[in-house]
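Asker: Please find one structure pasted underneath; my questions will follow.
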Amino acid sequence: MDCLEFQEILPDVIDGSRNSEQEAHLKSCPVCSSLVADLHLISREARQLQEFAEPSPRVWNAIELALRREGLIREPQRGPALVPPVARRWSFGWLAPVAAVALIAFGVLVYQRGTRVPQPIAHAPAAVPAAVTSVQSAKNLTNPNDEDRQLLEAVASRSPAVQAEYATNLQNVNAYIRDAEESAQADPNDEQAQQVVMDAYEQRATVYQMALDHSLP
Amino acid sequence: MENRRTAQLVTVAILATTICASAEVRKEFRFAVGPGATISVTNQYGPISVKAGSSNQVVVTAVLHSDKVEVDHNQSGNRLDIISHLLFESTADTGRVDYELSVPADANVTLRSTTGPLRAEGLHGDVVLEGSQANMDVRDVRDAHVHIKTLNGTVTLNNIRNGHVEVASVGGNVVLNAVSGPLVQVNSTSGQIHYNGDFGNGGEYLLTSHSGDIEASAPNDASIDVTARSVRGKVENDFLLEPKHSSFVVKAGSAFAGTMNKAASSVRLFSFSGKIHLKKR
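Structure, rendered in structure tokens:
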């Protein structure tokens, strides 16, 4: 069995059902075993995320109150009516805006979690700040030293020999970013300085990309 | 007695060497492809060399240095993926594969290797090279994108015409000889950048470094609109430039700007602490 065949039946493997041939390939192939380990990690993290992101009843109450204030949910009318009782006309159309608001609330919670919890090293940091015109200081980013430390630990675990090299490169790239940001802040109208900030971040992204590349020895 | 023992040791050594040598396996694969094929080769350890050959066939020659590595290949239509598949407990020596490919000249090629070297020659399809330590050499390429990323490898580009060239090198030096195109962009943190050419006729050339020196050599008839600035480094210019009206602040020794001839190409050289030298060739 080769990697391509193995990866075709990956969903079954993740579910835990695997035969002896698949088991043998998993043991012999570092690429596939690493992939399966990553997928298990993502699966575990996703479960935790789901638990964390379940809004409390207070959120639902707040949504309901807001919808009532907006008039999207009305009390049943009293007194004689020519139209059939509300209960009979009750439809689930109101659920659409509720679902939309709930979705937004869910998104906010997920976003908040994303900013609070340190990200696992599964992707490179943003290559370039969203708006170069409002350049952030490197100090204001999610602590780059922590990210770098995690990255270097990951490199060391796979290839200790190159850790020092990555450390030096990260140091140099961070100096590049600091200089670029200072330069851009000193003259916000300097188009070239703004461009160099992006160049500096691209260099940092390159270091991360190389370090996280599974072809690293 | 002593001589006999020495002879035995020599024989054992020769046998061991022969066994090691015989562990190398040479394999050849052939794939039929159409125009504009997409070919990618990923090889953790060892060189990859690609040259233009037959117009409808890809020939892959792989020398495997042990049985700890296999070559996986997958063709889907006009797309071909070649991957060195490292087996358990392989190392940089036992996992090494040396690749040589002959591809149609219009093929789009992506090569990845940690150690390299990587080489592409005679193509006019897009070329993408990536590798942390790999030295990279691209030559005789025209009308194509050439995108290169490396951590510490040396990048050498020779005779790239009408290219869309983007090089990101964190610590490796970058050498460009006779490289021209609508866009030539090199960005390095600590590597040096050397450009030797005429800057073409109407392109944009952006050479940027943090601490690496930048040296650009051009002939007297180069047609350029140039700005150069080093924040903390020294800037030198061998040419007599026509001053131009712009917001760029000229400062003796650290920044200059001006035009030469018809100013067809834009050249921007920028460094923080590297030295910049625009040389007369």
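If you read the protein sequences in the order shown, they are chains A and B.
Numbering of the first sequence is given in the numbering used here, commencing with residue 98 and proceeding in unit increments.
Numbering of the second sequence is given in the numbering used here, commencing with residue 840 and proceeding in unit increments.
Think of the CB as a built atom: it goes at the ideal place given N, C-alpha and C, for glycine as much as any other residue.
#1: Tell me, please, which residues DSSP counts as bridged to B:Phe868.
#2: So, for B:Gly1097: in the same chain, excluding its five sequence neighbours on each side, which residues have a beta-carbon less than 7 Å away from its beta-carbon?
#3: Using a Cβ-Cβ cut-off of 6 Å (strictly less than) and excluding sequence neighbours within five positions of B:Leu1108, which residues of its own chain qualify?
#4: How close, in whole Å, do the beta carbons of B:His963 and B:Arg981 come, if the pair is a contact with beta carbons under 8 Å?
#5: Locate the alpha helix (DSSP H) running through A:Leu123, then write down its first and last residues.
#6: Which residues of the segment 1046-1061 of chain B have a Cβ closer than 8 Å to any Cβ of chain A? Give them in chain order.
#7: Quick one: does A:Leu101 have its CB under 7 Å from some CB of chain B?
#8: Starting from B:Lys808, find everything on chain A with Cβ-Cβ shorter than 8 Å and list it in chain order.
#9: I'd like the ranges of any alpha helix (DSSP H) spanning at least 4 consecutive residues and lying wholly in the segment 254-308 of chain A.
#10: In chain A, which residues lie with their C-beta within 8 Å of the C-beta of B:Asn991?
#11: Less than 8 Å between the CB atoms is what I'm expecting for B:Glu939 and B:Ser888, so what's the real figure, rounded?
#12: Please list the segments of the beta strand (DSSP E) lying wholly inside the segment 1015-1094 of chain B, counting only runs of 3 or more residues, in order along the chain.
#13: Between the alpha carbons of B:Ser894 and B:Asn1016, how many angstroms are there, rounded?
#14: For B:Gln972, name the three-state secondary structure that DSSP assigns.
#15: Give a yes or no on whether 7 Å exceeds the smallest Cβ distance from A:Gln300 to chain B.
#16: If you check the beta carbons only, do B:Asp937 and B:Val902 fall under 7 Å apart?
#17: If we count the other Cβ atoms within 10 Å of its Cβ and call it buried at 16 or more, is B:Pro1058 buried or exposed?
#18: Can the beta-carbon of A:Gln300 be found closer than 7 Å to that of B:Thr1028?
#19: Would you report the Cα separation of B:Val1056 and B:Ala944, rounded to the nearest angstrom?
#20: Would you say A:Ser125 lies against chain B (beta-carbon separation less than 7 Å)?
#21: Anything in chain A within Cβ reach of B:Ala1007, meaning under 7 Å, just list it in chain order.
#22: Could you tell me whether any Cβ in chain A is nearer than 7 Å to the Cβ of B:Leu1079?
#23: How far does the alpha helix (DSSP H) with A:Gln104 in it extend, from its first residue to its last?
#24: Rounded to the nearest angstrom, how far is the Cβ of B:Val942 from that of B:Gly892, given a contact under 8 Å?
#25: Is A:Ser251 helix, strand or coil when you go by DSSP?
#26: In chain A, which residues lie with their C-beta within 7 Å of the C-beta of B:Phe868?
#27: Under the rule that 16 or more other beta-carbon atoms within 10 Å means buried, what is A:Leu101, buried or exposed?
#28: Have a look at A:Leu249 and A:Ala264 and give me their C-alpha separation to the nearest angstrom.
#29: Just to confirm before moving on: does the CB-CB distance between B:Val985 and B:Val966 stay below 7 Å?
#30: Considering Cα atoms alone, identify which of A:Val304, A:Arg141, A:Ala308, A:Gln291 is closest to A:Pro257.
#31: Verify the CB distance criterion: does A:Asp135 have a CB-CB separation below 7 Å to chain B?
#32: Can you check which of these residues, B:Val1013, B:Asn913, B:Ala1091, is closest to B:Val880 by C-alpha distance?
#33: Could you run through the segment 1016-1037 of chain B and flag, in chain order, every residue whose CB is less than 7 Å away from some CB of chain A?
#34: B:Gly1010 touches chain A at which residues, Cβ-Cβ below 9 Å?
#35: Considering only heavy atoms of the ligand NAD, does any lie closer than 6 Å to the CB of B:Ala901?
#36: Cα separation between B:Lys890 and A:Thr303?
Answerer: Taking the coordinates as given:
#1: Within the DSSP secondary-structure output, B:Phe868 pairs in a beta bridge with B:Val899.
#2: The beta carbon of B:Gly1097 sits closer than 7 Å to those of Val1065, Leu1080, Glu1081, Pro1082, Lys1083, all from its chain and outside the five residues before and after it, given in chain order.
#3: For B:Leu1108, where only same-chain residues beyond five positions count, the Cβ hits under 6 Å are Leu1046, Ile1053, Ala1067, Ile1115.
#4: Going by Cβ atoms, the distance from B:His963 to B:Arg981 rounds to 5 Å, so yes, they are a contact pair.
#5: Taken as a continuous stretch (DSSP letters only), the alpha helix (DSSP H) holding A:Leu123 covers 117-125.
#6: Answer in chain order: Thr1047, His1049, Ser1050.
#7: Among the residues facing chain B, A:Leu101 is included, as its CB has a counterpart in that chain under 7 Å away.
#8: Residue 808 of chain B lies beyond the residue range present for chain B, which begins at 840 and ends at 1120; the question has no answer from this structure.
#9: Listed in chain order, they are 260-283.
#10: Listed along chain A are Glu262, Asn266, each with a C-beta nearer than 8 Å to that of B:Asn991.
#11: Indeed they touch by this definition, with Cβ atoms about 5 Å apart.
#12: Those beta strand (DSSP E) runs which fall completely within the segment 1015-1094 of chain B and span 3+ residues are 1022-1027, 1032-1035, 1043-1048, 1053-1057, 1063-1069, 1074-1076.
#13: One C-alpha to the other measures close to 28 Å.
#14: Looking at B:Gln972 - three-state DSSP - the assignment turns out to be coil, as it is neither helix nor strand.
#15: Judged by the 7 Å Cβ criterion, A:Gln300 is in contact with chain B.
#16: Yes; because the gap between Cβ atoms is below 7 Å, this pair is in contact.
#17: It counts as exposed.
#18: Yes, these two residues count as a Cβ contact at 7 Å.
#19: With the sequence shown as reference, residue 1056 of chain B is identified as Ser, and Val is not the correct amino acid for it. Cα to Cα, B:Ser1056 sits roughly 30 Å from B:Ala944.
#20: Interface residue, yes.
#21: Chain A residues near B:Ala1007: Glu299, Gln300, Thr303.
#22: Judged by the 7 Å Cβ criterion, B:Leu1079 is not in contact with chain A.
#23: Run containing A:Gln104: 100-105, per the alpha helix (DSSP H) assignment.
#24: Between B:Val942 and B:Gly892 the beta-carbon gap is near 6 Å, inside 8 Å, which marks them as a contact.
#25: In the sequence under discussion, the amino acid at residue 251 of chain A is Ala, which differs from the Ser named in the question. Three-state result, A:Ala251: helix.
#26: Neighbours of B:Phe868 in chain A, taken as residues whose beta carbon is under 7 Å from its own, are absent, since the nearest beta carbon is some 14 Å off.
#27: Classification for A:Leu101: exposed.
#28: If I take the Cα positions, the gap works out to 7 Å.
#29: Closer than 7 Å, so yes.
#30: Comparing alpha-carbon positions, the option among A:Val304, A:Arg141, A:Ala308, A:Gln291 lying closest to A:Pro257 turns out to be A:Ala308.
#31: Closer than 7 Å: no.
#32: Closest option to B:Val880, Cα to Cα, is B:Asn913.
#33: Of all residues in the segment 1016-1037 of chain B, Asn1026, Thr1028, Ser1029 have a Cβ within less than 7 Å of some Cβ in chain A.
#34: Listed along chain A are Glu262, Thr265, Asn266, Asn269, each with a C-beta nearer than 9 Å to that of B:Gly1010.
#35: As far as ligands go, the structure on display features none, and thus does not contain the ligand NAD.
#36: C-alpha separation (whole angstroms): 27 Å.
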